[in-house]
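Residue numbers (the numbering used here), protein chains in the order written: chain A, 29 to 333; chain B, 9 to 576; chain C, 4 to 313. Encoded as structure tokens, the structure appears first; notes follow it.
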Amino acid sequence: MQTQKDGLDELFRPEPCAEAERMDALPQVSYAADVVKRFLNTPSVIVFSVILAIIIACCVLVPILSPRPITGIIDEAINHKPSAEYWLGADKFGHDFFTKMWKGGQTSFKVGFFAAVLQTLIGVVVGAISGYAGGRIDQFIMRVVDVFISIPYMVIVLVVRLIMGSSSYTIIFALVVTGWLNTARLVRGQILQLKNEDYVLAAQSMGVSPATVLFRHLIPNTLGVVIVSFTLAVPQAMFSEAFLSFIGMGSGEVSWGSLIRTGMEVRFRHPWQLIAPSAVLALTMLCIQLLGDSLRDALDPKLRK
Amino acid sequence: MRKLKKTLTLLLTLVLLAACAPAGLAEDTPTLRIGLEQDIETIDPQQNTSAYTLVVTEGIAEPLLREHEGEILPGLAESYTTDDYQTWLFNIRADACWSDGTPITAEDIVWSYQEIFTRAESAKVVVLFKAVQGYDDVKAVADSGADADTIRAAAQESLAITALDEHTIQVVLSAPSPWALDTFCSTAWAPIKRDLYEQYGSAYGSSADKIGMNGPYVVSEWRFNEQLTLEKNPNYWNADNIVLDKVELVIVQAVEPRVNMFKEGKLDYAVASSDYLLTMPDDTEVLEGTSWYFMLVNDYRRDVDGNLVDEKLSALLANDHFSAAINNAINRTVLYESVLANPAYVATGYAIPGAVNSNNTAHETIAELRDGAYSDIAPLTRDMEKAESELALALAEVGYASVADVPEIKVVCANTTDYETVAEYLENALDAALGLKVKMDAVEFKVRDSRVISGDYDLLLFGWNNSTNDVIDYLEPFESELFATGWNFAKPELYAQYSAMVQEITSTTDLDRRAALALEAEQLLLEHGPIITMSVGGRAHLKSDRFEGFHVRVMGGEFDYVFAAPAK
Amino acid sequence: MLKYVVRRVITAAITVFVLATVTFFLLKLVPNGLFADPNITAEARAKLYAHYGLDKPVFEQYLVYLRNLAHLDLGESIANPGRKITTMILDPATGNGLPQSMRLGLCALVFSVPMGIALGTLSGLNRGRALDKALIGLSLVGISIPSFVVATMSVTVFGNILGWLPTTGFSTPKEMILPTVCLSLNPIATIARLMRTSLVETENADYVKTARSKGLKRSRIVVRHQVRNALLPVVTILGPITASLLCGTFVVESIFNIKGLGCYYVESISDRDYGLVMGLTVLFGTFLVVANLTVDILYGLIDPRIRLKR
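This is the structure:
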């Protein structure tokens with residue numbers, strides 16, 4: 029027996045390995061932690077997160093800290109060229125363009141963020157209900173989505189604007205009305221896949237209420253897709269806001285879109301007033317899109333090493 | 009094979025033709041290409057008076073008389089006589105005809121003038137007959153919703169325009185008016201072709217084949233939203249003096265491509281942006297004083313049931329000291345020279361002073377008379393102390409404890425950058441100077457217009473250009489139901505006084521008296537009424553040197569190309 | 004398969020019908036700014052209402068509208084009296100409107116689809132390498148800059164400053180370059196990104212592993228197996244892309260003065276030209292539904308899994 033045992037030990041002698049490597053091999057890293065780790069491991073993510081953070085910080089802080097006013101009429105600064113005092117020059121009201129640009133960013137971010145949050149929420153709930161309920165309800169909801177997706181969003185904006193007047197909330201509302209459709213489709217697709225999983229069937233057979241199954245088990249599992257679609261919805265909404273401001277159907281508040289619109293008019297005399305807001309808008313889009321992409325890659329279990 | 013042969017022959021002919029053309033005598037003149045900013049909706053002279061549709065109708069429709077460079081030229085009428093400026097006799101030329109050669113008689117013309125009252129779509133133009141005796145009666149019938157036959161009967165009976173014989177038309181005005189000559193030159197006084205009109209009804213003028221033309225040019229092709237091609241009308245009575253064979257009116261809505269097309273030689277004339285004017289002034293010609301911009305204060309804002317929305321705020325807005333405060337808180341010079349930076353100048357009064365007038369000098373007189381006269385009402389620069397003290401007076405009179413109690417004031421304007429800039433200026437300037445919270449509400453033109461009608465605004469930015477340059481056209485609108493939606497209720501005595509003045513201006517023939525009255529009426533409304541005058545706008549035009557005899561002008565169509573010729 | 008197609012076609016037809024209905028009543032919700040010309044008296048306005056049949060009860064208007072729509076006749080434009088809306092959308096005499104937009108859209112489509120697929124493939128095959136990173140970067144830039152900025156900048160740079168290309172019109176090949184490129188940037192970037200992602204996903208697919216283990220040449224695997232399979236998701240987004248490209252774009256058409264449908268999207272709304280708004284909405288909706296339907300059916304034909312399931 030003894031010899032036999034020894035022989036087995038000999039046979040199954042563990043391969044010597046470094047401690048660290050052993051830790052790595054342990055399947056104890058949670059999915060979330062892994063996602064975060066892989067997300068942060070991409071060098072470009074760090075770079076673009078920092079840029080985005082700087083942009084957001086500027087939007088928040090510059091209008092507060094800037095010594096240059098952006099209200100009232102400052103006669104002596106009107107159409108000032110860029111200088112040490114006015115970094116990007118001053119606009120037709122004598123407002124410091126640098127400060128005003130970041131003020132405009134507040135509107136853009138406000139619209140982008142709130143529109144994205146609301147449309148994602150609505151999209152998730154409707155999509156989940158549609159996918160989980162299945163049958164006629166699903167059919168009906170999906171047909172409604174089909175119809176709404178075919179209405180050009182300009183029409184919706186027109187109707188909403190005329191009823192609610194022009195403000196950034198109008199724009200947010202209009203964007204939400206048109207924006208939730210894609211999220212709903214996406215989430216529905218996910219739920220359809222997930223609802224036949226064992227743990228869902230188990231929960232159902234234990235008599236857990238459908239609402240609990242939906243909100244406890246199904247929706248949390250679609251989170252990855254939802255987060256990605258959210259990160260794409262933010263720039264989409266910012267883009268739409270810029271476009272609407274550009275064609276004069278905007279919120280009436282200073283935003284990057286409205287600054288680009290006026291910049292367009294004065295581009296021969298003050299090219300910076302067109303270039304600067306365009307560049308900041310594009311850079312912000314770039315950052316958010318790229319972070320969204322990396323997040324998607326990080327969340328994708330198939331790409332897990 | 010035969011087909012090929014045919015094609016070859018055709019090709020050969022074409023080549024030969026092309027080769028011959030330069031040598032031939034009937035060489036075409038170069039095509040004048042004008043860039044228009046908006047799509048032309050109709051070319052019916054009885055339908056539209058906006059400056060951009062007039063560009064077309066003035067080329068294809070011949071009214072009784074024609075205006076060119078401030079001179080009154082003969083039109084359909086080869087001459088006119090009047091003894092008292094009230095009864096006018098027009099001698100219609102014997103060879104007057106449509107472009108297809110059909111003659112135009114005095115009866116046809118009179119019929120056209122009567123028919124205009126039956127047309128709902130001509131509502132904007134019909135006002136150009138206002139000076140004619142009997143206009144009010146016919147208009148009342150038309151406005152009562154009567155059917156076309158009733159209106160026609162009323163027009164035949166009451167409208168004092170008659171054909172005395174085949175070549176004589178008599179027009180009797182309700183009061184002597186030497187400046188009615190301007191009106192006779194407007195294309196609303198051009199006839200419409202009866203057979204086509206009866207065939208097409210409201211679609212008359214909606215395409216090149218659905219309209220009769222009798223002007224120097226005819227529309228040979230109308231590509232909607234793209235371009236109108238005008239060709240010389242060989243049957244035009246004055247065809248010998250028309251040089252150009254072809255004029256193209258190209259529709260380019262956005263300013264960037266318009267400027268680019270001019271640079272690329274695809275356009276000879278175009279309206280430029282003011283930014284372009286400031287950076288490249290060499291190519292441009294500035295037309296000053298095309299339109300007047302002002303702010304209207306709603307003294308009496310009501311809801312749909314006619315009740316005051318906010319009694320206290322309305323009282324404040326109606327207060328003279330409030331208007332004075334705003335007038336003094338705005339730096340008009342800075343606003344127009346630096347902020348808008350377009351070819352505008354500050355308006356202290358409201359009849360446009362720089363316009364060409366055809367046969368009298370009333371306007372120049374007015375401009376000279378009031379020179380600087382209202383600078384205390386609508387000052388050129390701001391006076392903060394005065395603004396503050398006036399606002400304090402207004403607040404005290406109305407009963408607001410402080411400016412913070414005044415609710416947000418809504419300023420309605422159209423959503424073009426210029427209007428928005430002025431509104432934004434007001435937001436900033438009034439807040440900084442007076443602490444007044446003003447909020448811009450920029451809406452599409454249609455929405456703005458419906459707000460004007462329903463009186464749904466506190467402050468309104470508005471501008472217009474008139475189709476004739478008579479001082480009465482600037483005074484009268486404020487008496488009419490259009491802009492008298494509020495202040496006539498809030499200030500009935502002032503309204504009665506102003507109304508009486510306007511009536512007298514309409515009826516007097518004494519030029520000095522007229523000018524003095526106009527000045528007085530203008531001042532009255534500026535001081536106590538709902539008007540805060542802002543600016544007289546101009547426009548920058550790009551102009552190539554390939555043509556001469558071409559003008560941009562203030563009244564009527566923006567481009568007067570009728571007698572243009574290639575530059576030598 | 005036939006049953007599937009028939010069912011899809013019926014659903015599509017119903018979608019268009021519901022869309023037409025929803026748009027109609029949506030626009031009836033809007034407070035009216037029609038004929039709001041200050042110079043028009045109330046009576047004249049009433050006459051105009053009657054002329055356009057707007058004085059009838061809403062439901063009756065709806066029936067008239069549906070009947071007209073069935074005859075492809077949307078009535079007269081309000082902003083352009085006497086002009087048929089159908090002629091404005093599709094002008095047979097001049098080829099303006101939809102045909103012009105489709106010309107531009109087709110150019111952009113023909114340019115952007117192969118370009119997007121090629122760039123996406125290139126990027127996916129070189130995953131992680133410098134070329135891939137450069138292409139990803141470029142495509143991100145492509146979707147990050149708003150079209151109105153791209154169009155203005157390219158006009159300013161290539162037209163005004165360098166003078167290489169004409170900046171207006173769309174008739175000669177030279178004139179077509181700038182608008183096509185401006186319009187194509189976004190679709191190229193979108194397609195390239197999607198292509199890359201789905202190509203990368205095929206790397207680990209069983210059929211690729213099998214093909215590799217069989218010892219097939221890499222080029223053969225890439226072309227025969229990976230690219231073909233990776234194209235499937237790309238095909239699905241071609242529906243919306245095609246519809247939006249062909250139905251006209253406001254910014255590009257306005258900046259290059261191309262007489263397509265683009266200008267009407269904003270103009271009809273500012274003018275309250277409801278007939279035109281409805282016409283455009285139904286047109287766009289129909290294009291979208293038809294494009295999606297075509298894609299679905301194509302997809303069913305290409306993808307054996309779907310074909311067999313039905």
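Yeah, the Cβ is synthetic: ideal placement off N, Cα and C, and Gly gets one too. Quick caveat, the model's predicted, so the values are computed rather than measured.
Cross-strand partners of B:THR89 (DSSP beta bridge) | B:LEU97
How should B:TRP300 be labelled, buried or exposed, when 16 other C-beta atoms within 10 angstroms of its C-beta is the threshold for buried?
-> buried
Taking the alpha carbon of B:ILE259 as the point to measure from, which residue in C:THR252, C:VAL255, C:ILE261, C:LEU197 has its own alpha carbon closest?
-> Answer by Cα proximity: C:ILE261.
Amino acids of chain C, ordered along the chain, whose beta-carbon sits closer than 7 Å to that of A:ALA270 | PRO149
Inter-residue spacing [alpha-carbon to alpha-carbon] between B:ALA196 and B:LEU136 | 7 Å
Mind pulling the alpha helix (DSSP H) runs of 4 or more residues that sit fully within the stretch 223 to 299 of chain A?
-> 226 to 233, 251 to 274, 284 to 293
Backbone secondary structure at A:LYS131 - three-state DSSP | helix
Mapping DSSP to helix, strand and coil, what is B:PRO30?
-> A caution first: B:PRO30 carries a pLDDT of 42, below 50, which makes its placement in the model unreliable, though a value can still be read off. Assignment of B:PRO30 by DSSP, reduced to helix, strand and coil, places it in the coil class.
If A:SER196 and A:SER279 are in contact, beta carbons under 8 Å, what's the gap, nearest whole angstrom?
-> 4 Å
So, B:LEU172 versus B:VAL140, is the Cβ gap smaller than 7 Å?
-> The Cβ atoms of B:LEU172 and B:VAL140 do not sit closer than 7 Å to each other.
At what residues does the alpha helix (DSSP H) containing B:ASP426 begin and finish?
-> 425 to 442
Quick one: Cα of C:GLY282 to Cα of C:PRO84, how far?
-> 16 Å
Tell me, please, whether the stretch 234 to 252 of chain A touches the stretch 104 to 123 of chain A by the rule of three or more beta-carbon pairs shorter than 8 Å.
-> no
From the DSSP output, in three-state form, read off B:SER185 for me.
-> coil
First and last residue of the uninterrupted alpha helix (DSSP H) at A:CYS87 | 71 to 93
Exposed or buried, what is B:ASP307 when buried is set at 16 or more other beta-carbons lying within 10 Å of its beta-carbon?
-> The residue is buried, with at least 16 neighbouring Cβ atoms inside 10 Å.
Which one or two residues does DSSP pair with B:VAL305 in a beta bridge?
-> B:LEU467
Is it the case that the Cβ atoms of B:PHE125 and B:ALA150 are separated by a distance below 7 Å?
-> Yes, the Cβ-Cβ distance between B:PHE125 and B:ALA150 is below 7 Å.
Would you report the Cα separation of B:PRO71 and B:HIS549, rounded to the nearest angstrom?
-> 27 Å
Going by other Cβ atoms of all chains shown within 10 Å of its Cβ, with 16 needed for buried, is C:ILE92 buried or exposed?
-> buried
How close, in whole Å, do the beta carbons of B:ILE540 and B:SER331 come, if the pair is a contact with beta carbons under 8 Å?
-> 6 Å
When the Cα atoms are used, what is the spatial distance from B:PRO224 to B:LEU84?
-> Rounded to the nearest angstrom, the gap between the Cα atoms of B:PRO224 and B:LEU84 is 11 Å.
First through last residue of the beta strand (DSSP E) which encompasses B:THR170 = 169 to 173
Could you pull the start and end residues of the alpha helix (DSSP H) that B:ARG456 belongs to?
-> In the DSSP annotation of this structure, the continuous segment of the alpha helix (DSSP H) that includes B:ARG456 starts and ends at 453 to 462.
Show which residues of chain A have a CB atom less than 7 Å away from the CB atom of C:TYR268.
-> PRO180, MET182
Are any of the Cβ atoms in chain C nearer than 7 Å to that of B:ALA548?
-> no
Decide yes or no for the touch test of the stretch 466 to 473 of chain B against the stretch 274 to 291 of chain B: beta carbon pairs closer than 8 Å, at least 3 of them.
-> no
Counting only the same chain and skipping the five closest in sequence on each side, list residues whose C-beta sits under 8 Å from that of B:VAL251.
-> THR37, GLY557, PHE571, ALA572, ALA573, PRO574
For the stretch 194 to 211 of chain A, enumerate the residues whose C-beta is nearer than 8 Å to any C-beta of chain B, in chain order.
-> Answer in chain order: SER194.
How would you list, in chain order, the residues of chain A whose beta-carbon sits under 9 Å from the beta-carbon of C:LEU75?
-> Simply none; closest approach about 18 Å.
Contact set for B:SER120: own chain, Cβ-Cβ below 7 Å, skip 5 residues either direction = The residues are PRO199, ILE200.
Is it the case that the Cβ atoms of B:THR425 and A:GLU293 are separated by a distance below 7 Å?
-> yes
With a CB to CB cut of under 6 Å and the five nearest residues on each side skipped, what residues in its chain are close to B:ASP92?
-> PRO184
Could you pull out every unbroken alpha helix (DSSP H) segment of at least 4 residues lying fully inside the stretch 230 to 297 of chain C, listed in chain order?
-> With a minimum length of 4 residues, the unbroken runs of alpha helix (DSSP H) contained wholly in the stretch 230 to 297 of chain C fall at 231 to 249, 253 to 258, 265 to 273.
So is C:THR193 in contact with chain A if we call contact Cβ pairs under 7 Å?
-> no
Members of the stretch 124 to 157 of chain C that neighbour chain A once the beta carbon cut-off is set at 7 Å = Against chain A - using a Cβ distance shorter than 7 Å - the residues of the stretch 124 to 157 of chain C are LEU143, VAL144, ILE146, SER147, ILE148, PRO149, PHE151, VAL152, THR155.
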